[in-house]
Every structure is written in C-alpha cells, then in structure tokens.
Amino acid sequence: MESPARGVGAPAAVSSAPMVPELDEITTGRLRLWSAGPDDAFRLLRYHQDNWEHLRRWSPPVPDDYLTLGYWERRLAAERGAAEGGRAARWAISWHDDEVARVIGTIGLTDIVRGPVESATVGYGLAAREQGKGVMTEALAAVARHAFQPLALHQLFAGYLPVNEPSGRVLRRVGFQVVGYLRDHIFINGAWRDHVLAQLVEPTARPPA
Ligand SMILES: CC(C)(COP(=O)(O)OP(=O)(O)OC[C@H]1O[C@@H](n2cnc3c(N)ncnc32)[C@H](O)[C@@H]1OP(=O)(O)O)[C@@H](O)C(=O)NCCC(=O)NCCS
C-alpha cells in the first residue's frame, strides 16, 4: 500500500495531545482544516448556498430546510456531538492565509468503528471555483495522516460514482486503491447509483489500540 503522503507536498502539522482529538485543527502548506460549530452556521450556509448547483449532483437527499441558517445550526451542533462521542470528525476547509476563514470546502470522517476493524468513511466537497488547484488532494492527504495518527484508525473507505472521475483521481493520488464495485448502492441525485469503493490502509499494520 502506498503512503498517504505520496505526491502531496507540505506535511500536515497537527496540534498536540488534545482532550478530544477529533476536534483537532489541521494545517497544511496552504490550508486550514477547522472544526465548525453552531456559531459557524452562517459560514457553512453561505458555502452551501453558493455551491449547491455544483454539489447537488453528488449529494444524497437533503431536507427541505437544507439551505437555511436553522438547519446548519442544528447540523453543526449534531456534528459537534458526534465528534465528542468519537463517532465522526468533520472539518471546514479554508485557505491558510484567509483572515476571515471563508469556507471553500468540507471534509469529514464518518461511521468511525473501533475494535477489530478501526475504520472510517471519508467524504468531501469543494467550492466550484476552487477546483483544479490540488486543494482536495492536500486536504485528503492531511486527514488520512490525522486518521492514522492521532486517531489511530487502521483503514479508511471512500465511495464515488463511476462518472466522478475527478474524485477517483484525488483518492488514487493520496494512495487509495479501488477494492470493489457496489451496484445500486447509494441514493444520490434522485436515483440509486452504483458506487466505486476505495480503501486506504495504515501502512504500519499495528494492532488495534
Ligand atoms: C472531486 C473534487 C473534490 C476534486 O477536488 P479538487 O481540489 O479539484 O481536486 P485536486 O485539485 O486535488 O485535483 C484536481 C486536479 O488539480 C490538479 N492540481 C493542480 N494543482 C495541484 C497541486 N498543487 N497538487 C495536486 N494536484 C494539483 C491535479 O493534478 C488534478 O488534476 P487531474 O485529476 O485532472 O489529474 C471536487 O471536484 C468536488 O468537490 N466535486 C464535487 C463534489 C464531489 O464530487 N465530492 C466527492 C464525492 S465522492
């Protein structure tokens, strides 16, 4: 298995020994990945409003109030609870040098399972105008490193639609390998869709904590 850091440039710096490691901020050469809470609802709402036409094609069904402040306040509170419970970890992505921390994308680990598998599923999305600059390659590589240390997961899974070749290329650049093809697996953009399943395994093969 290739290293998750392959081809990625500047290494991630991760803050040390937190009480709740899932809430860590992650910095890379160009990016800041930060944990958004309910107070950040407007920034997340703005990002999703501005990019909904671009993102909806790849999104599962959303509630009617998805593009409202109330929805994002509730959702970010729920995500904070999931992070504190060790079930998920999500980050907003901003340019490192952006003083107002405008949200340009999101990335997260969900379905964190401990024990004999030590796994999580990774998902991400990026503002339309920020594509093609290596942002998600850099963010995903940093999150993979964070997942393996300090979160001590053993493996990450990601699924993408067969037509979403840009997402497949990001995953392969970070070291993910395609391990399966799931038929009618996920309801996205109004229909059950096939999904390509990719996996990244922690290279040292250490036993579960
Ligand atoms: C899929 C998606 C996340 C890709 O994000 P991205 O930041 O544009 O991806 P990257 O910039 O890292 O890679 C795209 C291209 O930029 C190039 N690139 C430019 N500068 C780069 C750099 N400094 N480092 C790495 N790659 C760079 C890459 O070579 C790559 O080209 P290629 O894949 O055509 O060979 C984005 O298009 C998106 O949000 N799509 C809609 C939502 C979505 O699909 N989510 C995932 C569902 S599975």
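Note that this note's numbering has the sequence shown beginning at 98, numbered continuously upward.
Positions of the beta carbon are idealized from the N, C-alpha and C atoms, including for glycine.
Between which two residues does the alpha helix (DSSP H) harbouring residue i extend?
i: W155; result: Note, W155: premise wrong, no alpha helix (DSSP H); not H, not E.
i: V197; result: No alpha helix (DSSP H) contains V197, which DSSP labels as neither H nor E.
i: R270; result: E262 to V271
i: G126; result: Taken as a continuous stretch (DSSP letters only), G126 belongs to no alpha helix (DSSP H), as it is neither H nor E.
Based on the DSSP secondary-structure assignment, which residues constitute the bridge partners of residue i?
i: Y257; result: V293
i: V298; result: Q252
Need the endpoints of the beta strand (DSSP E) that residue i sits in, please.
i: G277; result: Q274 to I285
i: S216; result: S216 to L223
Using the C-alpha atoms, what's the distance from residue j back to residue i?
i: Q296; j: Q274; result: 5 Å
i: A174; j: R242; result: 26 Å
i: S156; j: A302; result: 33 Å
i: P135; j: T207; result: 19 Å
i: G231; j: W192; result: 12 Å
i: W188; j: E181; result: 14 Å
i: L268; j: V293; result: 11 Å
i: I285; j: H151; result: 14 Å
Please name the residue, chosen from the options, that lies closest to residue i on a Cα-to-Cα basis.
i: L248; options: W169, G222 and G212; result: G212
i: Q146; options: R129, G202, V260 and K230; result: G202
i: G121; options: E235, L294 and R177; result: It is Asp, not Gly, that sits at residue 121 in the sequence shown. Out of E235, L294 and R177, R177 has the C-alpha closest to the C-alpha of D121.
* To do: Output the residues surrounding ligand 1, defined as those with a CB atom closer than 6 Å to any ligand heavy atom, in chain order.
  => L152, W155, Y221, G222, L223, Q228, G229, K230, G231, V232, M233, T234, Y257, N261, P263, S264, R266 and V267
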